[in-house]
Amino acid sequence: MKVSFENPDKINGLLTITVEEDDYKNDVEKELKNYRKRANVPGFRPGMVPMGLIKRQFGSAVKMDVINKVVSDEINKYLTDNKVNMLGQPLASEKQEPQDLDKPAPYTFMFDIAVAPEFDITLDDKDTVDYYDITVDDALVNRQVEMFQDRFGKYGNGESYQDGDVLKGDLRELDENGNTKEGGLTVEGATIMPQYLKDDEQKKLFEGAKAGDILTINPHKAYAGGAEVASLLKIDREKKDDYQGDFSYQITEVQHFEKHPVDQELFDMVYGKDQVKDENDFRAKIAEGVKQQLTTDEDYKFLQDLRTYAENKVGQLTYPDALLKRIMKENNKDKDDEFINKNYEPSIKELTWSLIRNKLAEQEGVKINDDDVKNVAREVARAQFAQYGMANVGEEYVNNYADELLKQQQSAQQFAERAIDEKVTAALKTKVTLNHKAISLDDFNKMLADQQA
Numbered sequence: 003m004k005v006s007f008e009n010p011d012k013i014n015g016l017l018t019i020t021v022e023e024d025d026y027k028n029d030v031e032k033e034l035k036n037y038r039k040r041a042n043v044p045g046f047r048p049g050m051v052p053m054g055l056i057k058r059q060f061g062s063a064v065k066m067d068v069i070n071k072v073v074s075d076e077i078n079k080y081l082t083d084n085k086v087n088m089l090g091q092p093l094a095s096e097k098q099e100p101q102d103l104d105k106p107a108p109y110t111f112m113f114d115i116a117v118a119p120e121f122d123i124t125l126d127d128k129d130t131v132d133y134y135d136i137t138v139d140d141a142l143v144n145r146q147v148e149m150f151q152d153r154f155g156k157y158g159n160g161e162s163y164q165d166g167d168v169l170k171g172d173l174r175e176l177d178e179n180g181n182t183k184e185g186g187l188t189v190e191g192a193t194i195m196p197q198y199l200k201d202d203e204q205k206k207l208f209e210g211a212k213a214g215d216i217l218t219i220n221p222h223k224a225y226a227g228g229a230e231v232a233s234l235l236k237i238d239r240e241k242k243d244d245y246q247g248d249f250s251y252q253i254t255e256v257q258h259f260e261k262h263p264v265d266q267e268l269f270d271m272v273y274g275k276d277q278v279k280d281e282n283d284f285r286a287k288i289a290e291g292v293k294q295q296l297t298t299d300e301d302y303k304f305l306q307d308l309r310t311y312a313e314n315k316v317g318q319l320t321y322p323d324a325l326l327k328r329i330m331k332e333n334n335k336d337k338d339d340e341f342i343n344k345n346y347e348p349s350i351k352e353l354t355w356s357l358i359r360n361k362l363a364e365q366e367g368v369k370i371n372d373d374d375v376k377n378v379a380r381e382v383a384r385a386q387f388a389q390y391g392m393a394n395v396g397e398e399y400v401n402n403y404a405d406e407l408l409k410q411q412q413s414a415q416q417f418a419e420r421a422i423d424e425k426v427t428a429a430l431k432t433k434v435t436l437n438h439k440a441i442s443l444d445d446f447n448k449m450l451a452d453q454q455a
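So the number in my numbering is just where the residue sits in the sequence shown, counting from 1, plus 2.
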């Protein structure tokens with residue numbers, strides 16, 4: 003087998019492989035023998051089919067499969083042995099001539115190889131990158147305390163309606179004279195939150211309302227004909243416009259939301275039984291947790307700034323644009339050229355950062371393993387549980403959910419990328435000079451929003 007590689011401009015490679023008969027002959031014979039053992043041909047016992055018949059039926063297909071495998075293996079071996087940093091996958095070269103595998107060898111296969119541009123970058127204490135330290139002040143802790151109070155608060159009976167209260171009552175459809183409509187719609191136990199009504203006049207009807215009061219309301223007007231009408235009247239959505247008249251609403255219950263008091267019960271619900279003894283410990287624990295959470299945000303911003311700094315330091319890279327667009331087209335066969343042209347530059351930007359990050363990771367000895375990826379999946383699982391107010395989920399449940407997330411190939415790849423980001427961030431935080439800047443959480447969030455806008 004002969005292999006040659008042309009790479010005159012350093013980024014467009016042409017890999018040529020010439021396959022001789024000796025390169026595939028033995029593998030073809032071996033595979034045909036396996037076919038013979040498995041072949042089920044009428045008139046012959048298993049394993050006794052004449053080899054000539056096997057070759058006539060399967061020879062061409064087996065030969066093609068074996069040669070494809072030989073070529074594929076040789077491509078991978080050459081690129082690995084010669085440390086060719088290929089982008090994407092090899093494509094059959096536009097210079098490739100048709101090969102008739104029914105004719106005797108040799109056969110020549112040519113592949114276009116997109117090669118990553120060469121560049122140098124090192125980061126040390128001479129490189130300065132901003133690092134934003136989010137201030138955990140009393141206002142931020144107070145906000146978290148109130149969040150826990152809201153999360154574990156509950157509704158109780160109220161005397162009269164106040165903003166935010168929930169009302170329960172019975173709805174009865176009225177006729178044009180304001181009387182209960184004979185055969186009209188009746189809904190018992192209908193729930194209304196007046197603060198979410200879309201019509202101010204309808205909202206005012208509920209001011210100071212008490213249990214036992216009977217109000218005349220217009221659901222269609224109150225919700226501006228929206229889907230909420232169907233939900234309130236418990237009817238199919240397509241029928242909501244059939245009920246544009248008035249209804250009586252007899253209030254049976256006023257439910258007023260009460261925040262949970264800052265007491266031992268709240269401490270136990272948030273952090274577990276007897277883990278926190280008093281309010282000072284509670285606030286200290288919150289501050290510690292908030293700072294830990296904010297460190298993730300701080301590191302995220304640092305990585306963004308590090309990326310910008312590193313990209314500027316590397317400068318503009320030259321890519322084999324035409325070949326990469328062909329590869330992109332091959333991977334998106336259902337897309338047109340407009341899609342390729344629109345998404346090419348953003349893809350190149352991400353590719354550039356990936357190359358830079360990987361080189362920095364190699365310099366810092368950063369490697370990830372399955373445990374690193376699993377830990378990221380656990381972080382994501384805990385964050386999702388926390389969104390539903392489940393702060394103390396057992397490790398068994400976290401691990402099980404993480405395992406389910408990892409079964410999704412796209413998620414697993416994202417977790418691997420995040421694991422690399424986290425390790426690169428940790429390594430370079432100690433390598434470069436950090437220009438620390440104190441900032442409030444509100445200003446920090448505004449800064450991120452402005453950058454993403």
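Note that CB positions come from ideal geometry on N, CA and C, so glycine has one too.
Here the structure is a predicted model, which is why all the values come from computation and not from measurement.
Asked	Found
Pairwise C-alpha distance: ARG309 and ASP167	49 angstroms
HIS222, buried or exposed, once every other Cβ within 10 Å from all chains shown has been counted against 16	buried
Distance, THR297 Cα to GLU397 Cα	22 angstroms
Beta carbon of LEU34 nearer than 8 angstroms to that of VAL64	yes
Cβ-based burial, THR354 [other Cβ within 10 Å; buried from 16]	buried
Backbone secondary structure at ASN84 - three-state DSSP	coil
Test item: CB-CB of ALA224 and SER162 under 8 angstroms	no
Alpha carbon of LEU207 to alpha carbon of GLY158, nearest angstrom	22 angstroms
Cβ of ARG309 within 8 angstroms of any chain C Cβ	Note that chain C does not occur in the displayed structure, where there is just one protein chain.
Cβ distance (whole Å) where TYR26 is taken to contact VAL72 below 8 angstroms	5 angstroms
Presumed contact (8 angstroms Cβ cut-off) between SER250 and THR182, rounded CB distance	7 angstroms
Residue interval of the alpha helix (DSSP H) (run including ILE422)	411-431
Best match in GLN411, LYS409, ALA192 for proximity to GLU230 [C-alpha to C-alpha]	ALA192
Option nearest LEU176 by Cα separation, candidates TYR245, LYS293, GLY49, GLN415	TYR245
Proximal residues to GLN252 (C-beta, below 7 angstroms), its chain only, five neighbours per side dropped	GLY171, ASP172, ILE216
Straight-line Cα distance separating THR130 from THR20	52 angstroms
Alpha-carbon spacing of LEU187 relative to GLU209, whole angstroms	25 angstroms
PHE341 classed as buried or exposed, judged by whether at least 16 other C-beta atoms fall within 10 angstroms	exposed
Straight-line Cα distance separating ASP11 from GLU99	23 angstroms
THR435 to ALA385 span [Cα, whole Å]	31 angstroms
Beta strand (DSSP E) runs contained entirely in the region 209-268, provided each spans 3 or more residues	216-219, 249-260
Cβ-based neighbour list, GLY155, same chain, cut-off 8 angstroms, excluding 5 preceding and 5 following	PHE259, GLU260, LYS261, HIS262
Cβ contact (3+ pairs, closer than 8 angstroms) linking the region 79-96 and the region 121-136	no
Of the listed residues GLU352, SER413, ASP338, GLY54, nearest to VAL378 (C-alpha basis)	SER413
Residue of PHE269, ALA213, MET271, ALA226 minimising C-alpha distance to THR254	ALA213
The region 131-144 touching the region 38-58, judged by at least three CB pairs closer than 8 angstroms	no
Residue environment, GLU240, which counts as buried when at least 16 other CB atoms sit within 10 Å	exposed
Proximity below 8 angstroms, CB of LEU22 to CB of LEU16	Note that residue 22 corresponds to Glu in the displayed sequence, not to Leu. Contact flag unset, no.
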